[in-house]
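Student:
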Amino acid sequence: MKDVFSRAKADLPTLVELRRTFHRHPELSMQEVQTAQRIETELDRLGIPHSRVGGTGVLGVIHGSRPGSHVIALRADIDALPIQETASVPYCSQVDGVMHACGHDAHTACLLGAAKLLSEDRDNFGGEVRLIFQPGEEIGQGAEDFIEAGALDGVERVFGLHTAHEIPAGTVSLTPGINNAAVDQFRIVIQGKAAHVSTPQLGADAVYIGSLIVNAVQALVTRRSSPVEPVLVGIGTFHSGTTYNALADSAVLEGTTRTITKEMRQQLRRDITTLCRETAQLYGGSAEVQWNGICSALWNDAQVCREAVDALSDLMPEVTFRQDRPLSLAGDNFAELNQTIPGAYAYLGSGNPAKPDTLNPAHNGKFNLDEDTLAIGAALYAGYARRWLDQEVTG
2 MKDVFSRAKA
12 DLPTLVELRR
22 TFHRHPELSM
32 QEVQTAQRIE
42 TELDRLGIPH
52 SRVGGTGVLG
62 VIHGSRPGSH
72 VIALRADIDA
82 LPIQETASVP
92 YCSQVDGVMH
102 ACGHDAHTAC
112 LLGAAKLLSE
122 DRDNFGGEVR
132 LIFQPGEEIG
142 QGAEDFIEAG
152 ALDGVERVFG
162 LHTAHEIPAG
172 TVSLTPGINN
182 AAVDQFRIVI
192 QGKAAHVSTP
202 QLGADAVYIG
212 SLIVNAVQAL
222 VTRRSSPVEP
232 VLVGIGTFHS
242 GTTYNALADS
252 AVLEGTTRTI
262 TKEMRQQLRR
272 DITTLCRETA
282 QLYGGSAEVQ
292 WNGICSALWN
302 DAQVCREAVD
312 ALSDLMPEVT
322 FRQDRPLSLA
332 GDNFAELNQT
342 IPGAYAYLGS
352 GNPAKPDTLN
362 PAHNGKFNLD
372 EDTLAIGAAL
382 YAGYARRWLD
392 QEVTG
């Protein structure tokens, strides 16, 4: 497998075309019908058996021809975002208001590239590689479907990657420990009582109650959590009222929390729920808080990071490996896959100052990436899989 990187680079034109095909035809979370079909077409072409998981997820399985019992899972997310593309590229999204603005098109292309490398080499290894093409990551879905379907049964290692515009192309981060925050979404429904503004004592002002809540939740961060433990509360929407001279009878606020420990995640849920209910009650209204858990905190297994860096730096000497990526309070439900199975999530540098559009952040209408990094991504997946199956890893 020493030639994995050179073979991946030779496949770069195919990887680029795959990525651009997915980019032209993005699909929202849990609606990835055409995307799943194209993935299946590619797996069929490679002679890789596959099955559907949860509607639009695809699970491919590569069996090595030699004796071996080791099993590894490789994951790529496949969904796009409800964002209008504003970049002027020849492969621009053809779906109005939907765009691959987070690199999932690249992740999918990289895993298909790795599938090709591994399938062509299956006579030289034993064991099993499971290819997880996961839908719904942007809304915190998809991962649990694969777990419930048994896709991780018997798996000893799980490996994934994500593009990173802030990391230079040609560099890969495999940082042990905490990498991403746990993400929760909340919806606060406030019920007040309408009244004319001249007689506020006859009503319960949902706008005022909501405004107090917006300010008060910030105090939960500054006064109810340790200043050395990252905690974030953000409110993104506030809808209330119908006219300028009446107290609003209802309000709906939506927001998110970001935490890194299970204890603080649970405490923040309790505190926000209590705060909202008691604040609303004090001013004559009521409040209900609805919670949606998006993903757990993402922790990279230190042993797996050592294994991957040791193995891949030997296979890919032209690539720089680092283990010092700062904590991000963004989330990724790859975290659910490595809750019980040792795993690592690599960050694939995709920013190139010589290509300024690749420096735009994710979730931006002008997001792009240095497509030369697709060969690195394919080799990361395939190279670590082979080293684990061959038990040539060190550490």
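Take 2 as the starting number for the sequence shown in the working numbering and just add one per residue.
Backbone N, C-alpha and C define an ideal beta-carbon position, used for all residues, glycine too.
#1: Looking only at its chain, what residues have a beta carbon closer than 7 Å to the beta carbon of alanine 363, apart from the 5 residues adjacent to it on each side?
#2: Just verifying my parser: in three-state terms, what is the DSSP assignment at threonine 321?
#3: Might you give, ordered along the chain, the residues of its own chain that have their beta carbon closer than 7 Å to the beta carbon of proline 343, omitting 5 neighbours on each side?
#4: Leaving out five residues before and five after asparagine 246 in sequence, what residues of the same chain have Cβ atoms less than 6 Å from its Cβ?
#5: Since I believe tryptophan 300 is in contact with phenylalanine 187 (beta carbons under 8 Å), could you give me their beta-carbon distance rounded to a whole number of angstroms?
#6: Between the alpha carbons of serine 314 and alanine 355, how many angstroms are there, rounded?
#7: Indicate the three-state DSSP secondary structure (helix, strand or coil) for cysteine 306 in the structure shown.
#8: Considering glutamate 167, what are the terminal residues of the beta strand (DSSP E) in which it resides?
#9: Rounding to the nearest angstrom, what Cα-Cα distance links serine 120 and aspartate 154 in this structure?
#10: Quick check on threonine 260: buried or exposed, where buried means 16 or more other Cβ atoms within 10 Å of its Cβ?
#11: I'd like the ranges of any beta strand (DSSP E) spanning at least 3 consecutive residues and lying wholly in the segment 53-95.
#12: If I measure Cβ to Cβ from leucine 29 and keep anything under 7 Å in the same chain, skipping five residues before and after, which residues do I get?
#13: How about the segment 111-127 and the segment 62-69: do they share at least three Cβ pairs that are nearer than 8 Å?
#14: Going by DSSP, what residue range makes up the alpha helix (DSSP H) through glutamine 142?
#15: Leaving out five residues before and five after glutamate 41 in sequence, what residues of the same chain have Cβ atoms less than 7 Å from its Cβ?
#16: Leaving aside the five residues before and after histidine 24 along the sequence, list all residues of the same chain whose C-beta is less than 6 Å from its C-beta, in chain order.
#17: Exposed or buried, what is lysine 117 when buried is set at 16 or more other beta-carbons lying within 10 Å of its beta-carbon?
#18: Can you confirm whether the segment 326-337 touches the segment 171-184 when touching is taken to mean that 3 or more C-beta pairs between the two stretches lie within less than 8 Å?
#19: Under the three-state reduction of DSSP, which class applies to lysine 194: helix, strand or coil?
#20: Using only CA atoms, which one of Glu337, Thr359, Asp311 and Asp358 lies nearest to glycine 384?
#21: Taking only the alpha-carbon atoms, compute the straight-line gap between valine 156 and arginine 131 and give it to the nearest angstrom.
#22: Rounded to a whole number of angstroms, what is the C-alpha to C-alpha distance between threonine 243 and cysteine 296?
#23: Report yes or no: do three or more beta-carbon pairs, one from the segment 315-322 and one from the segment 223-231, lie closer than 8 Å?
#24: Check each candidate in Ala379, Gln267 and Arg224 and name the one with the smallest Cα separation from valine 5.
#25: In the DSSP output, what is phenylalanine 239 paired with across the bridge?
#26: Please go through the same chain and pick out, in chain order, the residues whose beta-carbon is closer than 6 Å to the beta-carbon of asparagine 361, but skip the five residues on each side of it.
#27: Pull up the CB-CB distance for leucine 112 and tyrosine 382, whole angstroms please, since I reckon it's below 8 Å.
#28: On the criterion of 16 or more Cβ atoms from any shown chain inside 10 Å, does alanine 110 qualify as buried, or is it exposed?
#29: So is arginine 388 buried or exposed if we call it buried at 16+ other beta carbons inside 10 Å?
#30: Tell me the rounded alpha-carbon separation between threonine 341 and leucine 283.
Tutor: Looking at the coordinates:
#1: So the qualifying residues of the chain are Ala102, Cys103, Gly104 and His166.
#2: Threonine 321 falls in the strand class under three-state DSSP.
#3: Only residues of its own chain outside the window of five on either side were considered, and among them Arg158, Asp302, Gln304 and Val305 have a CB closer than 7 Å to the CB of proline 343, listed in chain order.
#4: So the qualifying residues of the chain are Val198.
#5: Contact doesn't hold; Cβ gap of about 23 Å is too wide.
#6: Each residue's alpha carbon lies about 25 Å from the other.
#7: Correct three-state label for cysteine 306: helix.
#8: Element bounds for glutamate 167: 158-169.
#9: Roughly 21 Å between the two C-alpha positions.
#10: Buried, because 16 or more other Cβ atoms sit within 10 Å of the Cβ of threonine 260.
#11: For the segment 53-95, whole beta strand (DSSP E) runs of length 3 or above, ordered along the chain, are 58-64 and 67-78.
#12: Contacts found: Asp80, Ala81, Pro83 and Val99.
#13: At 8 Å Cβ cutoff, the stretches touch.
#14: Counting along the chain, glutamine 142 falls outside any alpha helix (DSSP H), and DSSP gives it neither H nor E.
#15: Counting only Cβ-Cβ distances below 7 Å, and skipping sequence neighbours, we find His51 and Val59.
#16: Beyond the five residues adjoining it in sequence on each side, histidine 24 comes within less than 6 Å, by CB distance, of Tyr92, His101 and Asp106 in the same chain, given in chain order.
#17: Counting C-beta atoms within 10 angstroms of its own C-beta, lysine 117 has 16 or more neighbours from the protein chains shown and is therefore classed as buried.
#18: For the pair of segments examined, the segment 171-184 was found to touch the segment 326-337: the number of CB pairs separated by less than 8 Å reaches three.
#19: In the displayed model, lysine 194 falls within a strand according to three-state DSSP.
#20: Selected option, being the one with the closest Cα: Asp311.
#21: The alpha-carbon atoms of valine 156 and arginine 131 are separated by roughly 9 Å.
#22: In a straight line, the C-alpha of threonine 243 is about 35 Å away from that of cysteine 296.
#23: Inter-segment contact for the segment 315-322 and the segment 223-231 is absent: fewer than three beta-carbon pairs are separated by less than 8 Å.
#24: Of the candidates Ala379, Gln267 and Arg224, the one whose C-alpha sits nearest the C-alpha of valine 5 is Ala379.
#25: DSSP lists Leu254 as the beta-bridge partner residues of phenylalanine 239.
#26: Correct list, in chain order: Lys367 and Phe368.
#27: Right, their Cβ atoms sit about 6 Å apart.
#28: With 16 or more Cβ atoms within 10 Å of its Cβ, alanine 110 is classed as buried.
#29: Result: buried.
#30: Cα to Cα, the separation comes out at about 44 Å.
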